[in-house]
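J.:
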Amino acid sequence: MDDVEAVVLVGGKGTRLRPLTLSAPKPMLPTAGVPFLAHLLSRIRAAGVRRVILGTSYLAETFADHFGDGTAAGLEITYVVEEAPLGTGGGIRNVAKHLSAEDVLVFNGDVLAGTDLGAVVATHRRTAADVTLHLVRVQDPRAYGCVPTDTEGRVLEFLEKTDDPPTDQINAGCYVFRRSVIDSIPEGRPVSVERETFPGLLASGSRVSGHVDTSYWRDMGTPADLVHGSADLVRGVAPSAALPGPTGEALVLEGAEIAEGALVFGGTTVGRGVRIGAGARVEGAMLFDGAVVGEGAVVEHSVVGYGARVDDGASVVDTVVGDRAVVGAQCELRGGMRVWPDVVLPPHGVRFSPDV
Ligand code: GDD
Ligand code: MG
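Residue numbering for the sequence shown follows UniProt numbering, beginning at 1 and increasing consecutively.
#1: Grab me the residues of W217's own chain with a C-beta within less than 6 Å of its C-beta, minus the 5 sequence neighbours each way, in chain order.
#2: Do the stretch 80-95 and the stretch 144-163 meet, that is, are 3 or more Cβ pairs less than 8 Å apart?
#3: Is the separation between the beta-carbon of H58 and that of G109 shorter than 8 Å?
#4: Measuring CA to CA, which of D312, E300, D311 is closest to V320?
#5: If F36 sits next to M220, beta carbons under 8 Å apart, how far is it from one beta carbon to the other, in whole angstroms?
#6: Take the Cβ of G290 as the centre, count every other Cβ of all protein chains shown within 10 Å, and call the residue buried at 16 or more, exposed below.
#7: Report all residues from its chain with a CB closer than 6 Å to the CB of residue 360; omit the five preceding and five following residues, and keep chain order.
#8: When every heavy atom of the ligand MG is checked, does at least one fall within less than 7 Å of the C-beta of G294?
#9: Could you check which residue in Y306, R334, R195 has the C-alpha nearest to that of K161?
#10: If you run the structure through DSSP and keep just helix, strand and coil, what is M286?
#11: For chain D, is any of its Cβ atoms less than 8 Å away from the one on V274?
#12: List, from N- to C-terminal side, the alpha helix (DSSP H) runs of 4 residues or more that fit wholly inside the stretch 67-126.
#13: Please report the distance separating the alpha-carbon of residue 444 from that of A24.
#14: Can you list the beta strand (DSSP E) stretches of 3 or more residues lying completely in the stretch 303-356, in chain order?
#15: For A280, I'd like the list of residues in its chain whose CB is within less than 6 Å of its CB, leaving aside the five on either flank, ordered along the chain.
#16: Going along the chain, which unbroken runs of the beta strand (DSSP E) with 3 or more residues stay wholly within the stretch 243-298?
#17: Figure out for me which residue from R338, I185, V176 has the closest Cα to the Cα of residue 360.
#18: If I measure Cβ to Cβ from T56 and keep anything under 6 Å in the same chain, skipping five residues before and after, which residues do I get?
#19: Could you check if N108 belongs to the surroundings of the ligand MG, using beta carbon to heavy atom distance under 7 Å?
#20: Under the three-state reduction of DSSP, which class applies to T149: helix, strand or coil?
#21: Touching or not, the stretch 323-333 and the stretch 345-356, by the rule of three or more beta carbon pairs under 8 Å?
#22: Taking 7 Å as the line, does the beta carbon of Y144 fall inside it for any heavy atom of the ligand GDD?
#23: By DSSP's criteria, A46 is part of a beta bridge. Which residues make up the other side?
#24: With distances taken from CA atoms, which of V181, L40, H66 is nearest L202?
#25: Can D140 be considered in contact with the ligand MG, in the sense that its beta carbon sits closer than 7 Å to one or more heavy atoms?
#26: Kindly indicate which three-state DSSP category A6 falls into: helix, strand or coil?
#27: D183 lies in the alpha helix (DSSP H); which residues open and close that run?
#28: Does the beta-carbon of K26 have 16 or more other beta-carbons within 10 angstroms, so that it is buried, or is it exposed?
#29: Per DSSP, what kind of secondary structure is R218 in: helix, strand or coil?
#30: Out of curiosity, what's the CA-to-CA distance linking A224 and T269?
#31: In its own chain, which residues sit with a C-beta less than 8 Å from the C-beta of D150, not counting the 5 before and 5 after it?
#32: Compute the minimum distance between the beta carbon of G55 and the heavy atoms of the ligand MG, and state whether it is under 7 Å.
#33: Tell me where the alpha helix (DSSP H) around V191 begins and ends.
Shown next as structure tokens:
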């Protein structure tokens, strides 16, 4: 696919991951040992695409510092920054002058997927489409763009975040655009591809194709999705060529110390210099560099931020513990709680159980 270029969109508000975003912008959060974006870039490269344009509305220097010109990943990366967020369509239009290919793959930067990208491009070419959308089926389509198609795979409607979706087939956030369609997006103002460009193309009779598959797919927008996606990467359920170690029950990075008798499994990432005490049980968790899990503590499907502590006997389930925060001994946190960075919960300070 040397004749295809890729555009990756990162930007917008991204508030759903707070307080995590205090330590890194969402696409740079360590996910299975590397910034999330590294997994997407590895898939783009594996599909044979070399040129990538990162269209961002914030912090381009953070991305450039890590990925540079892309050589190390076998890519040529160009960074384009919006002065003010231009939305998904405006972000695509804003990079147009850097594109030279006729077929352009566009990615939402927060999606973890295993799609065969060559097959999406093949559908685009076979159907002579103006735009082709990768579509997947999900249990609850209301949080996504709902996209019904006819029996030939032609897109009939695009309904962004509707309460009454007519099908469970949704926009997976990966498109092939014909170059001329990108040039037709209005310049210099915010545009949503979901609410403006796609409905406009359909209204004007353009050919919009759907490419449906059953490959791995997950939007990483919420902490719960981030944690489960990360565990899927570690276990090899979600494919990536960027994993810094073999797949398995745990990915243990340099300098981590796990006491004998501690159980660490379910796709847990154990960051650099992390310490896990005897009798601890850590399942499907993300332990960022320098985190400490005390003796007999339980950490399940949670994020423990840089240098944060979960002290002896504490239990943290479906929770985000911000950087450097301390969850005191015997505390019990669960059900989507978020401890802000640097907050210290004293021993027994927050519990569900009535006993001490
Ligand atoms: N450059 C740039 N500028 N990127 C942006 C901007 C912007 O102003 N706003 C959003 N983005 C990027 C986000 O970083 C993300 O990678 C992508 O565009 C989609 O934005 P989200 O805010 O994550 O949208 P969503 O998850 O609610 O919905 C989108 O993704 C779903 C699939 O995950 C839509 O495309 C839905 O139709 C789709 O189903
Ligand atoms: Mg999203």
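By construction, the Cβ of each residue, glycine as well, lies at the ideal position given by its N, Cα and C atoms.
T.: So, to answer that:
#1: A113, V136, A172
#2: no
#3: First, the amino acid is wrong: residue 58 is Tyr here, not His. Result no, Cβ atoms of Y58 and G109 do not sit closer than 8 Å.
#4: E300
#5: 6 Å
#6: buried
#7: Past the edges of the chain, shown from 1 to 356, lies residue 360, and the structure says nothing about it.
#8: no
#9: R195
#10: strand
#11: Absent from the structure: chain D. Only one protein chain is present.
#12: 87-94, 117-126
#13: What the structure shows of the chain is the stretch from 1 to 356, and residue 444 is not part of that stretch, so it cannot be assessed.
#14: 315-317
#15: A262, V293, A297
#16: 250-252, 263-265, 268-270, 281-283
#17: With the chain running from 1 to 356 in the structure shown, residue 360 is simply not present.
#18: V10, G11, V81
#19: yes
#20: strand
#21: yes
#22: yes
#23: Looking at the DSSP assignment, A46 forms no beta bridge with any residue, so it has no partner.
#24: V181
#25: no
#26: strand
#27: 179-183
#28: buried
#29: strand
#30: 15 Å
#31: L156
#32: no
#33: Premise fails: V191 is in no alpha helix (DSSP H) and is neither H nor E.
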